[in-house]
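Count the sequence shown with our numbering and you get residues 556 to 780, in order.
Backbone N, C-alpha and C fix where the C-beta goes; we use that ideal spot for every residue, glycine too.
Only a predicted model underlies this, so the values are computations on that prediction, with no experimental measurement involved.
What follows is a single structure, written as structure tokens, with notes after it.
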Amino acid sequence: MTQELWNAVDGYICERLLDEDQALEAALAASDAGGLPQIAVTANQGRMLELLVRIHGAQRVLELGTLGGYSTIWLARGLPPEGSLVTLEANPDYAAIARANIAAAGYSKTVELRVGPALATLPVLADEGADFDLIFIDADKQNYPGYLEWSLRLSRPGTLIIGDNVVRDGAIVAGAEDPRSADPHIRGIRSFYELLAAERRVDATAIQTVGAKGHDGFALALVTS
Ligand code: SAH
Ligand code: DHB
Ligand code: MG
556 MTQELWNAVD
566 GYICERLLDE
576 DQALEAALAA
586 SDAGGLPQIA
596 VTANQGRMLE
606 LLVRIHGAQR
616 VLELGTLGGY
626 STIWLARGLP
636 PEGSLVTLEA
646 NPDYAAIARA
656 NIAAAGYSKT
666 VELRVGPALA
676 TLPVLADEGA
686 DFDLIFIDAD
696 KQNYPGYLEW
706 SLRLSRPGTL
716 IIGDNVVRDG
726 AIVAGAEDPR
736 SADPHIRGIR
746 SFYELLAAER
756 RVDATAIQTV
766 GAKGHDGFAL
776 ALVTS
């Protein structure tokens, strides 16, 4: 009942505010055909990511967790013509599908996809001297604390760090006796909050969301120094 209502409201919003989009729909269709899990952001969430890139005037974006490139394409849409995006994906099969989707959407020159575990690629980016204006963390949840630490190293004052899936059906507030409290994904998200809470270099919030992908949320952290 509740999920049906959330689906209907997402449908209402998307019908009114989002244009039909061939490249994005093709990316989802190819991801489904390739057997990828249906865990991409929703269209209205993707549009929000695009708008955040534009509001922030970001020119260099980093994404952790490409999947089929759906959120990648939304983020790339927000960039100016000279903008660039690096996206990290551990699964080579997903990466192959993402690469084709990104090319079909016209972003093969804008987007650089690096295949491998993000915790192995992030130090390479740091060695290269890369820094980013906006970072979208959306890979495996147990590693969110490490992703936040590397994101800070790849930031400058003013960088916006966005974390996806930081509510997980409310599991973040599950009691100690609840088996979800032992789930490494949930533990990772909780540690991510603890790190944000202790980190003096960021101003942060999180917003819970409901919609076609259930009850979840986004964290926003602005790097201040
Ligand atoms: N951002 C995508 C969804 C990402 S799903 C979208 O909204 O369209 C999470 C992705 O992280 C999956 O593709 C998974 O393969 C990838 N992933 C999991 N562990 C990873 C790791 N250690 N390093 C990089 N990517 C990882
Ligand atoms: C999962 C991962 C995601 O990035 C997401 O948006 C939803 C679910 C998952 O691993 O279950
Ligand atoms: Mg996600």
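Asked, Found
"Other residues of its chain near V757: CB distance less than 8 Å, five sequence neighbours each side excluded", "L707, I716, L751, A776, L777, V778 and T779"
"Cα-Cα separation, H740 to T621", "18 Å"
"Distance, F691 Cα to Y702 Cα", "10 Å"
"Exposure of A731, with buried meaning 16 or more beta-carbon neighbours within 10 Å", "exposed"
"Distance between E575 and Q593 (C-alpha atoms, nearest Å)", "20 Å"
"Supposed close pair A753, A660 - CB separation, criterion 8 Å", "The Cβ separation is near 39 Å, so there is no contact."
"Status (buried if at least 16 other CB within 10 Å, exposed otherwise) for Q558", "exposed"
"Euclidean distance between Cα positions of L790 and L689", "As displayed, the chain neither begins before 556 nor continues past 780, which places residue 790 out of reach and without an answer."
"Distance between R602 and A578 (C-alpha atoms, nearest Å)", "14 Å"
"CB of V666 within 8 Å of CB of T714, strictly", "no"
"Pick from N646, R609, V608 and T642 that is closest to I589, judged by C-alpha positions", "The sequence as given places Gly at residue 589; Ile does not occur at that position. Here the closest residue by C-alpha is N646."
"Helix, strand or coil at V757 according to DSSP, with G and I counted as helix", "strand"
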